[in-house]
Amino acid sequence: MDNEQLIIKGRENVLKDKSYHFALKIISLCQRLQAENEYILSRQLLRSGTSVGALIEEANQAESRADFIHKLSIANKEANESKYWIRLLIDSKIIELKNDEGLLTDCVE
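Numbering (numbering that gives the first Met the number 0) for the sequence shown: 0 to 108.
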């Protein structure tokens with residue numbers, strides 16, 4: 000992603016950047032999970048984890064302030080759902096905290 004894509008109205012958009020990189024990490028994790036035949040949880044996480052950034056992109060094109068707030072609220076809900084799936088994967092020992100602990104931090108941010 001180049002710098003032009005991160006600048007909106009003369010300002011860097013940290014939220015877009017972080018959510019994009021979070022989605023890339025989610026995709027990588029889900030590919031690992033599917034290689035280990037874990038399809039159900041990986042699909043749930045893939046859906047919620049990648050939709051955070053997509054909703055943030057949509058919010059940047061909102062038609063009104065209310066639409067902007069609504070889309071960001073949904074992105075926050077998807078981030079919370081992603082946090083749930085990551086915690087479930089860690090607590091069930093499907094993934095190891097030492098390898099994937101940054102995902103929880105990224106998700107909360």
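Each residue gets a CB set at the ideal place from its N, CA and C atoms; glycine is no exception. Because the structure is a prediction, the values reported are computed rather than measured.
Here the alpha carbons of S72 and D105 stand approximately 17 Å from one another. Residue state for E56 is assigned as helix, using DSSP reduced to three classes. Of the other Cβ atoms in all chains shown, 16 or more fall within 10 Å of the Cβ of I94; this residue is therefore buried. If you look at S72, you'll find it in the alpha helix (DSSP H) that goes 64-90.
When secondary structure is reduced to three states using DSSP, Y19 falls in the helix class. In this structure, the beta-carbon distance from C29 to L54 does not fall below 7 Å. Counting only the Cα atoms, I68 lies some 12 Å from Q60. When only Cα atoms are considered, I25 and E77 end up about 13 Å apart.
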